[in-house]
Amino acid sequence: MNEKEALVRFGISMPQSLIEQFDAMLVNQGYDNRSEAIRDLVRRALLAPGHIQTDQMAAGTIVMVYDHHISDLPIVLTELQHHYHEEINSTLHTHLNQYQCLEVIVVRGAVGRLRELQQRIQVLKGVSYAELSVTHVDEQGHGGHIHPHGHQHEHDANGGPQHNHSSSSNL
């Protein structure tokens, strides 16, 4: 939330049992008040991939669990990831047990392309879990462009960059 943005007060009605559970969650998670917790819940709900326009630029992760012993699944997954190389910034692969692998793919691009990748992974035989989680939405829309190394830069009226980056991070 922008510090200059005005706060608006409104009332919420909840059953007593629900508010007691909510207050217990606030204590467990370290919130100082209900308002900040509700703001976080709303922010999280607004980042649900189904609520973001397909052409909106976003960053997040695709988490998947799969059985690497299923015929050509590792090869198919690698080929699929190469097809979406412009949207994939990084991957983390770990072995859960003798058969299952967990893979986290850090992605950035148009939400429609990210959803498409997640759905193409999800339907593969041997994939038991695949979920897209959006953690950042580009509030500027399409005003910038994606550089080959994954950074998005906005340009001023003269075509110059509005900001610099000194980190090699892709997000």
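For the sequence shown, this note's numbering begins at 29 and goes up steadily by one. Ideal Cβ placement from N, Cα and C applies to all residues, glycine included. For clarity, every value in this text was computed on a predicted model and none was experimentally measured.
- Query: Going along the chain, which residues of its own chain have a beta-carbon closer than 7 Å to the beta-carbon of Ala158, five neighbours each way excluded?
  - Reply: Ile90, Met92, Gln146, Ile149, Gln150
- Beta-bridge partners of Leu160, as assigned by DSSP: Paired residues: Ile90.
- Is Val139 near Val104, with beta carbons less than 8 Å apart? no
- Message: Since Tyr127 and His97 should fall inside the 8 Å C-beta cutoff, what is the C-beta to C-beta distance between them, to a whole number of angstroms?
- Response: 5 Å
- Coarse secondary structure for Ser41, derived from DSSP in three states: coil
- Could you give the DSSP three-state label for Ile47: helix, strand or coil? helix
- the ligand MN heavy atoms versus the CB of Arg72: any closer than 7 Å? This structure does not include the ligand MN; it has no bound ligands of any sort.
- Note the first and the last residue of the continuous beta strand (DSSP E) segment covering Thr122. 116-123
- Item | Contacting residues, own chain, Cβ-Cβ under 7 Å from Leu160 (five flanking each side not counted) | Pro77, Gly88, Ile90, Leu142, Arg143, Gln146
- Over what stretch of residues does the beta strand (DSSP E) that includes Leu130 continue unbroken? 128-138
- Item | For Tyr59 and Leu74, the rounded distance between their alpha carbons | Roughly 20 Å separates the two Cα atoms.
- Item | Beta-bridge pairing of Met85 - partner residues as DSSP gives them | Ala138
- Item | Cβ shell of Leu120 (< 6 Å), same chain only, five flanking positions each side left out | Val132
- Query: Near Val70, which residues of its chain fall below 6 Å by C-beta distance, leaving aside the five closest residues on each side in sequence?
  - Reply: none
- Determine, using beta carbons only, whether Leu54 and Arg67 come nearer to each other than 8 Å. no
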